[in-house]
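Just below is one structure, and these are the notes that go with it.
Residue numbers (the working numbering), protein chains in the order written: chain A, 233 to 467; chain B, 233 to 467; chain C, 233 to 467; chain D, 233 to 467; chain E, 233 to 467; chain F, 233 to 467; chain G, 233 to 467.
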């Protein structure tokens, strides 16, 4: 810990999401980001004619129903989402995203644009970093969607979001992104994209790597494919 | 207690459910989890054609009406629930679950899905860990239900929930779960499931074990059976 | 005082009903329970064909109107209630219980179930231990009622309630309960029940015991009898 | 000051009416009671066919209008009220009592029962000791009324109230009550009751006693008599 | 400063108007009273057939419009008011009093009673000493009115008010009141009353006394006379 | 800094606008007044048949649009306003004043009285010094208007306002007012008034004085003239 | 850090946006301004027949979609906006500006005035520096628009805004403004304006300068041109 951080703690600048520290940081938001690094990792990749998310569920607990442990959530038939951080916070935002998506279909009789769903979720997150009386949502979220072209978005704790070609959230995200920057290239096909994600996990997890730990959501025009474990190597 | 925990206490990161500690934890939620470990244990098991919960009421007080001490609550004719932690907190959530179930029956003229009841209760719990002005619900809950197939869910303090094959809440939950992982297998019948639960309690409680301490709720298609004490060995 | 309690006080975990201490306790609720032990005691007993509450009004103040000092309150013609703790808090909850009872009679044209009145009072109590901006109700309450069969309920500060065969609230409640456990038996008649209660008070109060200190409320099918002092020995 | 009190102060248990101290007391309420002892005393006595309040206005200030210094307030033609503590707090509650009384007359076309007026005032007081965001009313009140029979009530800071044969509020209330307990007897006539009150004031105030300091409100069936000073000795 | 006061400050009993100190005082109210003593003084006197207020505007600032510095405010044609303390607080209450007065005239087509206007202003003041979230009004107010007979009222910070024959507010109020007690007598005529007020100011201000500093409001049946400076000696 | 001020800071009396210090001051209001002295100065003068405000915009920034730097705001065609302190606070109040003015014109079809606009702005300011949950408006404002006769008002932080013949706000206001008291006389004409203001600025700013720094708003019956810089010497 | 700043921190004057420090500053606002200096810089320039903003996106991340990294936002077809500070805060205000612009078009069937959009955004910002319960928006914004003539506005954290000929926000803003003051002249054409902005960035960023880092928004009558990178040198 840096000397400056310690001083800021002793002065109490880190006790409320509504307070700036003297250097302009909002420390409660920075603390909440630590929570995200405690969650297992997910990787998203846009490829030639689709977009996929591969997510690590960590070790398998025989007591837990295996579908229940799958972290890849369907928002609409053309949008999926994965999160890192506090699971119940994520569920609340995912339920909201589903509701927004259904409302759009009812109102306009068409599939909602992925970015407008992402923006609404991100706006909720922003409010919880600015208004008092509640804590920020302790969750980072990655959305994959198909609206004509495949798209991938990530929102952080503050409610900022960007569009990505490929990205990672959760533990070791910086290492994974470093490897993605080296190895990602436009125009990969689906098999290459899956292989890239699994190779990166294999490189980082080393002896802990096991194909059983992984679930994937794969979106291509008009289809959503959800597969897990050994199936991933058979696509 | 770890040095880091002590520092976090001295800095006051643990005074509100709306505050993150520098390492990303919400300490009020972690404290509330201690309350759950103070409550007596319950075990839930999904078996071949049903699901059961066996719950420890601890020692018998001659002054207390014996039905009143039974911790297994009926939410609907096909859903039961047991809790560990603050009893009055649990009652409030159970009353809510019953109301949601009745509303569903009135609105749709059909039995509600167990998971949707669980999710609504879990959403309430999540809110109490994020918004200020109230404390989190100090209670963990286990729901068993039959919707076509038998299901078992557990919600924690944060409002996270998962679907289980078998699980335990309350004191010694980690030990019980360890034994469940070893001994549970899919496709047990009802008698085997009851025996498994009682054997685990016998192994953990040792000389304090007494069949009089236990109540069971047993759900099979179209029937809910509530039995207690010696009856459990006669099923 | 235990070392741990002292540390919790110094850390401020006991300043709000909405805060958990590191060991999972809500200290404001535990402090409020001390208030209850400061109140004079009452004993409730279910007997063969009725239920009674005998309540200690302590010493007689010639300046106070004797009816006004009687702590046994009529909620409805078939429900009575006694409390220990802060008298004005109790009165507010008793007024609420009366109102609920009247509303039930008006809505359904029948006598309300005792337990549903108890549950509504208990739900109010629970809320005041969870939401900020107010303190918990500093009162324990014992309700006796006749709905077909005689029933006895006790609610604590947290809003938890149980159904009892016999119970005590107020000062020396643990000692009284110990004696009740030894001496209570099912199927006593009215005279035996009164004698049991007075014998226990005599044993505990020793030279301070005086029959003038006691009021009783006795519920049997269709009748409520309120008697005091020497009359108690003439029933 | 007791050592324990000092510790409670240093720990801050006495900073909010919504906080219990470790021994179960609400210290803000106890502090507010000190305010009451700072107010001048009033004595109330129920006699054979009436009830009276005699109130000390302390020394006479030539600048103050003499009616304005009279502390005996008329709530309705058959209810009077006197207070000790913060005068403006008392006025607010007295105005409320008057309004409730008028509303009763308009709604039911009959004189309100004294106790129901007292209870409504007491309920307001109770709320201010339980909810945050305001301080308790710093006032004790004595109500005398005639509803068929003469009645006398006193409410304390917490909103508790009792019915009395005779009572005192304000400075030296304990001493006055001790003398009342010795000298009060049922069935006194009006002259004896006035004499009793003045004799007690004379005994306590000694050389400071002066008949000019006192105002009286005397209620008998159908009449309210307000007299002051030397008139009191001519009734 | 007394030792006890210092301790109360260090313990923080003086930080909120909603908090009682251990001796029963509300310290924020007592501090606000200091503000009143910082304001310049006004004297009110009821005389034979009228009532007047004479007010000190202190030294004359050539830049300030002389009407604007006159502290005597007209509430209605038969009620005037002067204040000491925070000027903007006073203005808000004076505007309220004017509005209440106009509303009365519109509703009842008659001049409002002076006391009912005073009571409504005093009730507002009381609320600001009891509820949190705002500070008390830092102002003492003196109202003179003619309702049949001439009347004079003074309200303090707490919202208490009394009716006076003569009174003073603002700096040196205690000294002025001492002189008023010595020299005031009932049945003075207008000239004697003005002379009394000016003589008292002369005695207290000594070499700083100047007739130019004073404004007067003089109410007699059906007339309000506002005069200033040397005119005062020519009435 | 005075010893007493330092003690008040250490005791925390200066942390909220809703708190009085032991000497009766509201320190947050006094701190906000410092902000006003940080703003550049403006002078207002009532003359024979008009009123003018001359305002210092300090040094000219070539990047800033010159109209945008002009601090003299038009509220209505017959009312102008200038402020010192926090510019955005001032803008909010100026927008409010404009709205009030327009509403008056729409409702009554006539020009609003300058004082009623000033009073409404001042009432808003007062509220922000009394209620919690917001800080006071950190701005002093000077209003010039023509309603039949020319008028000049100044409101301070607390919401107090007075009518002036001439006045100054902003840096060095006390020095400017001292010079105004020496040199101002009733009945000056427009040229004399402009000269007086510029002479005073010249005397205070010495070598920093430059005619380019100044803007003026000049109100005479039916006309508003806004001029800047060298034009000021050619009027 | 200055000694005085340190003292203000230790005294806690910097913990809430609603608190003034003893020298009249609002420290939370000053801390938030640090956040702005952490953002990458943008330069705005009004030229002969248009206005442009050139914005630095810093280094290019291959994982991020290049449109998504472009910081120049379209509010309406004739208004663009760029920000420095917290990105999600900026997005919320930009969404609001777009909504206001659309509402204007729907209500009045014409393009909104740039300044009225800027003022509404600035008013929102001001409120968040005055009211409690939320933190200020940590963002500075620059708006360029064409309403007849080209205009450029900048709003700071407090909600103050000015109209500029040229300006900069974000890191090194003071250095950039210094260079703009030296080199900017009225009546430049588009090519000169782009060159001026890029030359200044080149001078400040030195070896880190790369044309790939920059995006531009160029508004001329009826057209909005958005270009990036090398294109900028080909305009």
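In this text, a Cβ means the ideal position worked out from N, Cα and C, and glycines have one as well.
**Request:** Determine the extent of the beta strand (DSSP E) in which residue 249/B is found, giving its start and end residues.
**Result:** Position 17 of the second chain, counted from the first residue, corresponds to residue 249/B. In the DSSP assignment, residue 249/B falls outside any beta strand (DSSP E), carrying neither H nor E.
**Asked** In the DSSP assignment, what are the bridge partners of residue 404/B?
**Response** As a position in the second chain, residue 404/B is number 172, starting the count at 1. The partner list for residue 404/B (beta bridge, DSSP) is empty, contrary to what the question assumes.
**Per-residue contacts from residue 365/D into chain C (C-beta, under 8 Å)** = Indexing the fourth chain from 1 puts residue 365/D at position 133. Those within 8 Å of residue 365/D in chain C are 365.
**Item:** Nearest-angstrom Cα separation, counted from residue 347/D out to residue 268/F
**Value:** Counting from 1 along the sixth chain, the entry for residue 268/F is found at position 36. Counting from 1 along the fourth chain, the entry for residue 347/D is found at position 115. The C-alpha of residue 347/D is placed about 58 Å away from the C-alpha of residue 268/F.
**Request:** Mind checking the region 241–260 of chain D against chain C and listing, in chain order, the residues whose C-beta falls within less than 9 Å of any C-beta there?
**Result:** From the region 241–260 of chain D, only 243, 244, 245, 247, 248, 249, 250, 251, 252, 253, 254, 255, 256, 257, 258 have a Cβ closer than 9 Å to chain C.
**Request:** Check whether the region 310–324 of chain C touches the region 288–296 of chain C, counting contact only when three or more Cβ pairs, one atom from each stretch, lie closer than 8 Å.
**Result:** Under the Cβ criterion (8 Å, minimum of three pairs), the region 310–324 of chain C does not count as touching the region 288–296 of chain C.
**Asked** Relative to the alpha-carbon of residue 402/G, which residue among 250/G, 385/G, 272/G, 253/G has its alpha-carbon at the smallest distance?
**Response** As a first step, residue 402/G must be located in the seventh chain, where it is residue number 170. Per the Cα distances, 272/G.
**Item:** Sequence-distant residues of its chain with Cβ nearer than 6 Å to residue 249/B (five each side left out)
**Value:** Here the question's residue 249/B lines up with position 17 in the second chain. Here the set comprises 260, 361, 368.
**Request:** Measure the CB-CB distance between residue 389/F and residue 264/F and report whether it falls below 8 Å.
**Result:** Within the sixth chain, the letter at position 157 stands for residue 389/F. Within the sixth chain, the letter at position 32 stands for residue 264/F. Yes. Within cutoff.
**Message:** Between 465/E, 463/E, 459/E, 387/E, which has its C-alpha nearest residue 354/E's C-alpha?
**Reply:** As a working mapping, residue 354/E is identified with position 122 in the fifth chain. The option with the nearest alpha carbon to residue 354/E is 387/E.
**Asked** What is the rounded straight-line gap between the Cα of residue 383/G and the Cα of residue 461/F?
**Response** Position 151 of the seventh chain, counted from the first residue, corresponds to residue 383/G. Position 229 of the sixth chain, counted from the first residue, corresponds to residue 461/F. Using only the alpha carbons, I get a separation of about 24 Å.
**Prompt:** Less than 7 Å between the CB of residue 393/G and some heavy atom of the ligand ZN, yes or no?
**Reply:** Ligands displayed in this structure: none; no statement on the ligand ZN is therefore possible.
**Asked** Anyone know if the C-beta pair for residue 432/C and residue 465/C falls short of 8 Å?
**Response** Translated into the one-based positions of the third chain, residue 432/C becomes position 200. Translated into the one-based positions of the third chain, residue 465/C becomes position 233. Not in contact: residue 432/C and residue 465/C (Cβ atoms no closer than 8 Å).
**Proximity of residue 422/F and residue 350/F at Cβ, strictly below 8 Å** = On the sixth chain, position 190 is the one that residue 422/F refers to. On the sixth chain, position 118 is the one that residue 350/F refers to. Taking 8 Å as the Cβ cut-off, residue 422/F and residue 350/F do not qualify as a contacting pair.
**Request:** Could you list the residues in the region 330–351 of chain E with a C-beta less than 7 Å from some C-beta on chain D, going in chain order?
**Result:** Going along the region 330–351 of chain E in chain order, one finds no residue with a Cβ nearer than 7 Å to chain D.
**Prompt:** Just reading off the alpha helix (DSSP H) that residue 259/D is part of, what are its end residues?
**Reply:** Here the question's residue 259/D lines up with position 27 in the fourth chain. Per DSSP, residue 259/D belongs to the alpha helix (DSSP H) from 259–269.
**Message:** Going by C-alpha to C-alpha distance, which of 333/E, 284/E, 282/E, 255/E sits closest to residue 270/D?
**Reply:** On the fourth chain, position 38 is the one that residue 270/D refers to. Among 333/E, 284/E, 282/E, 255/E, the Cα nearest to that of residue 270/D is on 255/E.
**Message:** Could you check whether the Cβ of residue 295/G sits closer than 8 Å to any Cβ belonging to chain A?
**Reply:** Here residue 295/G refers to the residue found at position 63 when the seventh chain is read from its first residue. Taking Cβ atoms only, chain A reaches closer than 8 Å to residue 295/G, which makes this a yes.
**Request:** Using the DSSP secondary-structure output, state which residues sit across from residue 387/G in a beta bridge.
**Result:** Residue mapping note: residue 387/G aligns to position 155 of the seventh chain, counting from 1. BP columns for residue 387/G point to 373/G, 393/G.
**Request:** Quick one: measure Cβ to Cβ for residue 379/F and residue 276/F, integer angstroms, because I've assumed they're closer than 8 Å.
**Result:** Start at 1 with the first residue of the sixth chain, and residue 379/F comes out as number 147. Start at 1 with the first residue of the sixth chain, and residue 276/F comes out as number 44. The Cβ separation is near 16 Å, so there is no contact.
**Asked** Going by the CB atoms, is the gap between residue 299/F and residue 326/F shorter than 8 Å?
**Response** What you label residue 326/F is simply residue 94 of the sixth chain in a count that begins at 1. What you label residue 299/F is simply residue 67 of the sixth chain in a count that begins at 1. Not a contact, by the Cβ cut-off of 8 Å.
**As assigned by DSSP and simplified to three states, the class of residue 429/A** = Here residue 429/A corresponds to residue number 197 of the first chain, with the count starting at 1. Reduced to three states, the DSSP call for residue 429/A is helix.
**Asked** In chain E, what lies closer than 7 Å to residue 317/F by C-beta?
**Response** The residue given as residue 317/F occupies position 85 in the sixth chain. Listed along chain E is no residue with a C-beta nearer than 7 Å to that of residue 317/F; the closest approach is about 16 Å.
**Prompt:** Are any of the Cβ atoms in chain G nearer than 8 Å to that of residue 267/F?
**Reply:** What you label residue 267/F is simply residue 35 of the sixth chain in a count that begins at 1. It does; some Cβ of chain G falls within 8 Å.
**Item:** Under 7 Å from the C-beta of residue 237/B: neighbouring residues of chain A
**Value:** Along the second chain, read from residue 1 onward, the residue named residue 237/B stands at position 5. Within chain A, not a single residue places a beta-carbon under 7 Å from that of residue 237/B; the smallest gap is close to 15 Å.
**Request:** Starting from residue 455/G, find everything on chain F with Cβ-Cβ shorter than 7 Å and list it in chain order.
**Result:** Working through the seventh chain from its first residue, we reach residue 455/G at position 223. Listed along the chain, the chain F residues whose CB falls inside 7 Å of the CB of residue 455/G amount to none; the nearest CB is some 23 Å away.
**Endpoints, the beta strand (DSSP E) within which residue 342/A is located** = Sequence index remark: in the first chain, residue 342/A carries index 110 (1-based). Element bounds for residue 342/A: n/a, residue is neither H nor E.
**Message:** Quick check: is the beta carbon of residue 353/A nearer than 8 Å to any beta carbon in chain B?
**Reply:** As a working note, residue 353/A is residue 121 in the first chain. Not an interface residue.
**Message:** Between the alpha carbons of residue 301/B and residue 344/B, how many angstroms are there, rounded?
**Reply:** Taking the first residue of the second chain as 1, we reach residue 301/B at position 69. Taking the first residue of the second chain as 1, we reach residue 344/B at position 112. Inter-residue distance for residue 301/B and residue 344/B is about 27 Å (C-alpha atoms, whole angstroms).
**Asked** If you draw a straight line from the alpha carbon of residue 374/G to that of residue 439/G, how long is it in whole angstroms?
**Response** Position 142 of the seventh chain, counting from 1, holds the residue named residue 374/G. Position 207 of the seventh chain, counting from 1, holds the residue named residue 439/G. Going from the Cα of residue 374/G to the Cα of residue 439/G covers about 27 Å.
**Message:** Per the DSSP calculation, residue 273/D is bridged to which residue(s)?
**Reply:** Position 41 of the fourth chain, counting from 1, holds the residue named residue 273/D. Residue pairing from DSSP leaves residue 273/D without any beta-bridge partner.
**Request:** Have a look at 280/D, 414/D, 289/D and flag the residue whose alpha-carbon is nearest the alpha-carbon of residue 315/D.
**Result:** Taking the first residue of the fourth chain as 1, we reach residue 315/D at position 83. Closest in alpha carbon position to residue 315/D, among 280/D, 414/D, 289/D, is 289/D.
**Request:** Kindly list the residues whose CB is nearer than 8 Å to the CB of residue 284/F, restricted to its own chain and excluding five residues on each side of it in sequence; keep chain order.
**Result:** Reading the sixth chain from its first residue, position 52 is the one you call residue 284/F. Hits under 8 Å: 276, 277, 376, 422, 425, 426, 429, 448, 449, 450, 451.
**Asked** Is it buried or exposed for residue 391/G, if we count other Cβ within 10 angstroms and need 16 for buried?
**Response** To locate residue 391/G, count along the seventh chain from 1; it is residue 159. Of the other Cβ atoms in all chains shown, 16 or more fall within 10 Å of the Cβ of residue 391/G; this residue is therefore buried.
**Prompt:** For the beta strand (DSSP E) that contains residue 316/A, what are its first and last residues?
**Reply:** Translated into positions along the first chain, residue 316/A becomes position 84. It spans 311–317 - the beta strand (DSSP E) in which residue 316/A sits, taken as one unbroken run.
**Message:** Please confirm whether residue 391/F has its beta-carbon closer than 8 Å to some beta-carbon of chain E.
**Reply:** Your numbering for residue 391/F matches position 159 in the sixth chain. Closer than 8 Å to the CB of residue 391/F there is at least one CB belonging to chain E.
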